[in-house]
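> Before anything else, here's the structure in question.
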Amino acid sequence: MKFGLSALQPLGRALMLPIAVLPIAGLLLRIGQPDLANLPFMAAAGGAVFDNLGLLFAIGVAVGFARDQNGAAGLAGVVCFLIAIETGKALLSIPPEVTQGLAADAVGAAETAFKTKAFARFAVPIGILSGVIGGTFYNWFAGIKLPEYLAFFGGRRFVPIVSGVAGVLVGALVALSFSWLSHGMDAITNGIVASGELGLFGYGLLNRLLIITGLHHLLNNIPWFILGEYQGKTGEIARFLAGDPTAGAFMSGFFPVMMFGLPAACLAMVHAAPKHRRKAVSGMLFSLALTAFLTGVTEPIEFTFMFLAPVLYAIHAVLTGVAMVVMDLLHVRLGFSFSAGLFDYVLNFGLAENPLLLLPVGAVYAGVYYVLFRAFIQWFDLKTPGREPEEAGIASAQPTPAGGRGAAYVAALGGASNLRAINACTTRLRLVIVDRKRVDEPALKRLGARGVISPSPTDLQVVVGPIADSLADELKAAVAGGGTAALAPTVSGAKVLAALGGADNLAAREVRGSRVLVTVRDLAKVDRAALTASGLRGVADAGADRLHLVVGPDAGKLAEALV
-7 MKFGLSALQP LGRALMLPIA VLPIAGLLLR IGQPDLANLP FMAAAGGAVF
43 DNLGLLFAIG VAVGFARDQN GAAGLAGVVC FLIAIETGKA LLSIPPEVTQ
93 GLAADAVGAA ETAFKTKAFA RFAVPIGILS GVIGGTFYNW FAGIKLPEYL
143 AFFGGRRFVP IVSGVAGVLV GALVALSFSW LSHGMDAITN GIVASGELGL
193 FGYGLLNRLL IITGLHHLLN NIPWFILGEY QGKTGEIARF LAGDPTAGAF
243 MSGFFPVMMF GLPAACLAMV HAAPKHRRKA VSGMLFSLAL TAFLTGVTEP
293 IEFTFMFLAP VLYAIHAVLT GVAMVVMDLL HVRLGFSFSA GLFDYVLNFG
343 LAENPLLLLP VGAVYAGVYY VLFRAFIQWF DLKTPGREPE EAGIASAQPT
393 PAGGRGAAYV AALGGASNLR AINACTTRLR LVIVDRKRVD EPALKRLGAR
443 GVISPSPTDL QVVVGPIADS LADELKAAVA GGGTAALAPT VSGAKVLAAL
493 GGADNLAARE VRGSRVLVTV RDLAKVDRAA LTASGLRGVA DAGADRLHLV
543 VGPDAGKLAE ALV
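Residue 187 in the working numbering sits at position 195 of the sequence shown, and the numbers go up by one each step.
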C-alpha cells in the first residue's frame, strides 16, 4: 500500500499545475457570455482553455512529473499527446451508419467530424497519460548517451523522440479498442448517474477522506473533467460553463460546507479555546475562515483539527457527503472553475439552478457545524487550536521574516541534505526526503505549518495554505544558497567521486561560490541517490553533462578532493 501511495503522489501533485489555469479561463468565459458583459472575444479566450484541456494536462503533468520540472518534459508530453490523437484518428474505424445516405462529397466531412468528436471525449485521459509518459521518460532518458554520429539527438533531445514513439502506441491502442473504451466510459457514467444520492454521498465522503493522502485530486478528475458529455464538452466543469442543465451535481454540495460550515467550525474552535488564548487563535482561524468563504480553499482549516480531533474530521467528511445529497434533492445546480467559494458562486450565479437555496442550506450547515464542533470539543476535551498544552500552542509560535522563512523550513526539515525533491500543490509542500526521523514537526508547526503527512517513508506533505508555491521557491533558494550549514553533515569526497561514476567519468570541476560545478563524461553513470547520501546539500542540473553540487563554505575543499 505504501508503495502504491508513493507512486501516486507525483500524479496527484502534477494534476494541480494544469488545473491552476482554470480560474482565469472560467472568469474570461463567464464575463464574455451574453448574460454578463456580452464580449464574444473574452468568451472565446476562456473557451480556448476548456477546448484544449487534454493538451494542458499533457504539458502540466509532464512538467510536474519531471524530477527538475524541466520544460523538455512538457515538450515530450505535447509530442506524445498530438501524435496519439492523430494516430488514433487515422486508425479509427468509422461505423457504417455515420456516412449512410450521405452524398459522396459529404462523406469526408462526416468522417472527420466523427473522429474529432470521438477523440475529444478521450482528450483529458490521453492528455494525462501523455504527461505521465513525457515526465517519466524525461526522468529515464534525459541523461542518455547515443553513438557519436547520433550525439545531437542524445540527452534531453531524445525524450520527445521516444515520447513520440510512445504516442503512436497510445493512439493505436485507443483506436483499436475504441468501441470497448467508449462503452466502458458510458457504463461508468451511467453507473455513477444511476447510483443517485448514494453515489453523491460516497463521492463527498471520499473527497474529504482522501485529502489526508493528497489523492483527492485523482478522484475529482473523473467527475470534473471526464464524466458526461454536452455539446462536445466533457466533465462537470466544462459542461456547467457550457450551459448543461444537468451539470453541477458533483460541485453543488461543496458550497454549503466551504462557505458556511467550515467558517462556523472556526468560530466554534475560537469559542472553545480558553479566554486567555482566544486572541492568539482567533487571528489565524478567522483568516482561514475568510479564505474558505471567499475562495473555497479549506485544507488549512481542515488540518487544524484533522489529527488533533480525528472524530471531528470524520463528522466533517460525513457532512460533506450529506451536503452533496441535500443539494441534489433540492435540485440545486452550482458550479465553479476553481472551488466552491463566494467568488465562483457570484460569477456563475446566472448559470446556476436554484442558487438562492444555498443561503438557507448554508445557514443550517453553519449552525450544525458550530453546534457539533463546540459540543464535541467540550465533551471529549479535544485538543483543537488553543486547547493544546501551552508549550505546544500557537502562542509559542515565533513569526519568521519572509526572507529567512525558506532557510528556517529547510532546517526544520532536517537540512538540505535531507531533501531530495521540493514541490508544491495548492496548499501543501510536497517533498521527497531521505530520513523521516530528521524532520522536526514541532518546529514546522511553530513556523506556521498546519499539518504534516507522511504517505510513505520518503514522501512528506506539509500543509501551509495558499503560500505553498511561493514557499517551495524559498526552500529551493535556501538549498541552492547553501543555507542551514550547521545541519549539513560533512561531505565525503570519496563518496561524491564514486557517486559521480569514478575519476574516469569526471571531466572537469570548478568552484562556484558555495557550489562545485562538475562536468562528467557520461551522465548515465551518475548515481543521484548516492550523491544525496554523501552529505551534499543539493544537486542541480546545469545543462548538458554538468551538475551543480551544493556544498557550502567547504566547496573548495571538496573540489580538491575530487581527484
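Backbone N, C-alpha and C define an ideal beta-carbon position, used for all residues, glycine too.
Whole angstroms are fine: how far does the CA of Ser187 sit from the CA of Gly123?
If you take the alpha carbons of Gly123 and Ser187, they lie about 31 Å apart.
> Name, in chain order, the residues that DSSP records as bridge partners for Ala435.
In DSSP, Ala435 forms no bridge with anything.
> Judging by CA-CA distance, which residue of Ala95, Phe295 and Leu498 is the nearest neighbour of Val512?
Among Ala95, Phe295 and Leu498, the Cα nearest to that of Val512 is on Leu498.
> Measuring alpha carbon to alpha carbon, tell me which of Val262, Leu74 and Leu489 ends up nearest Phe365.
It is Val262.
> Looking only at C-alpha atoms, which of Val542, Ala413, Leu528 and Ala490 sits nearest to Ala472?
It is Val542.
> Helix, strand or coil, according to DSSP, for Thr312 in the structure here?
The answer is helix: DSSP assigns Thr312 an H, G or I state.
> Skipping 5 residues on each side, what residues in its chain have a beta carbon closer than 8 Å to that of Tyr130?
Result list for Tyr130: Ala54, Phe57, Ala58, Arg59, Asn62, Ala64, Ala65, Ala68, Arg148 and Val151, in chain order.
> Look at Phe49 and Gly119 and say whether their C-beta atoms are less than 7 Å apart.
The answer is yes: Cβ separation under 7 Å.
> Among all the DSSP beta bridges, which residues are the ones paired with His540?
DSSP, once it has assigned bridges, lists Leu509 and Ala532 as partnering His540.
> Can you list, in chain order, the residues of its chain with a C-beta nearer than 7 Å to that of Lys137? Leave out the 5 residues immediately preceding and following it.
Hits under 7 Å: Gly146, Asp514 and Ala516.
> Asp27: which of Ala344, Leu509 and Cys417 sits nearest, CA to CA?
Closest option to Asp27, Cα to Cα, is Ala344.
> Secondary structure at Glu345, three-state DSSP: helix, strand or coil?
If DSSP states are grouped into helix, strand and coil, Glu345 belongs with the strands.
> Closest by CA to Tyr195, which one among Val455, Thr181 and Leu211?
When only C-alpha atoms are compared, the closest one is Leu211.
> Between which two residues does the beta strand (DSSP E) harbouring Ile51 extend?
From DSSP, Ile51 is part of no beta strand (DSSP E) but of the alpha helix (DSSP H) over Leu45 to Phe57.
> For Ala309 versus Arg200, is the C-beta distance shorter than 7 Å?
Yes, these two residues count as a Cβ contact at 7 Å.
> Can you give me the Cβ contacts of Ile550 inside the same chain, cut-off strictly under 8 Å, excluding the 5 residues immediately before and after it?
The question names Ile, but residue 550 in the sequence shown is Leu. If we look at Leu550 and ignore the five residues flanking it on each side, its Cβ neighbours are Val483, Gly485, Val488, Val508, Leu541 and Val543.
> CB Ser244 to CB Arg325, shorter than 7 Å?
Yes; because the gap between Cβ atoms is below 7 Å, this pair is in contact.
> Please state if the CB of Ala315 and the CB of Pro248 are separated by a distance shorter than 7 Å.
Yes, Cβ-Cβ distance for Pro248 and Ala315 is below 7 Å.
> If we ignore side chains and look at the alpha-carbon of each, how far apart do Lys375 and Asp533 end up?
Answer to the nearest angstrom: the Cα atoms are 45 Å apart.
> Under the DSSP definition of a beta bridge, which residues are partnered with Glu221?
Partner(s): Thr226.
> Between Asp537, Val555 and Glu221, which has its C-alpha nearest Asp496's C-alpha?
Considering only alpha carbons, the answer is Val555.
> Which term fits Val353, buried or exposed, when burial requires 16 or more other beta carbons within 10 angstroms of its beta carbon?
Classification of Val353: buried, given that the 10 Å Cβ count is 16 or more.
> I need the straight-line Cα distance from Leu202 to Glu552, nearest angstrom please.
Looking at the two C-alpha atoms, the distance is approximately 50 Å.
> Examine the Cβ distances between the stretch 327 to 342 and the stretch 275 to 293 and report whether three or more of them are shorter than 8 Å.
The stretch 327 to 342, when compared against the stretch 275 to 293, does touch it at the 8 Å Cβ threshold.
> Can you list, in chain order, the residues of its chain whose CB lies under 6 Å from that of Ala37, leaving out five sequence neighbours each side?
For Ala37, where only same-chain residues beyond five positions count, the Cβ hits under 6 Å are Leu20.
> What are the complete beta strand (DSSP E) segments, minimum 3 residues, inside the stretch 443 to 495?
If we require 3 residues or more, the beta strand (DSSP E) runs fully inside the stretch 443 to 495 come out as 443 to 445 and 451 to 455.
> Mark Asn30 as exposed unless 16 or more other C-beta atoms lie within 10 angstroms of its C-beta, in which case mark it buried.
The residue is exposed, with fewer than 16 neighbouring Cβ atoms inside 10 Å.
> How do the stretch 249 to 256 and the stretch 38 to 47 stand: do at least 3 beta-carbon pairs fall below 8 Å, yes or no?
Flag = no, the stretch 249 to 256 and the stretch 38 to 47 do not touch.
> Can you say whether Glu466 is buried or exposed, counting buried as having 16 or more other CB atoms within 10 angstroms of its CB?
Buried, by the Cβ-count rule.
> Counting along the chain, where does the beta strand (DSSP E) carrying Arg504 start and finish?
Looking at the DSSP string, the run of the beta strand (DSSP E) that includes Arg504 is Leu498 to Arg504.
> So, under 8 Å CB-CB, Pro117 and Ile218 are touching, yes? Tell me the CB distance rounded to an integer number of Å.
Between Ile218 and Pro117 the Cβ distance is about 7 Å, and since that is below 8 Å, they are a contact.
> I need the straight-line Cα distance from Ala265 to Ser462, nearest angstrom please.
Whole-angstrom Cα-Cα distance: 31 Å.
> Excluding five sequence neighbours on each side, which residues of the same chain lie with their C-beta closer than 7 Å to the C-beta of Leu198?
Closer than 7 Å at Cβ, skipping near neighbours: Leu211.
> Grab the span of the beta strand (DSSP E) containing Arg379 for me, first residue to last.
Element bounds for Arg379: n/a, residue is neither H nor E.
> On the criterion of 16 or more Cβ atoms from any shown chain inside 10 Å, does Ser409 qualify as buried, or is it exposed?
Buried, because 16 or more other Cβ atoms sit within 10 Å of the Cβ of Ser409.
> If we call anything under 7 Å between Cβ atoms a contact, is Ile75 one with Val160?
Closer than 7 Å, so yes.
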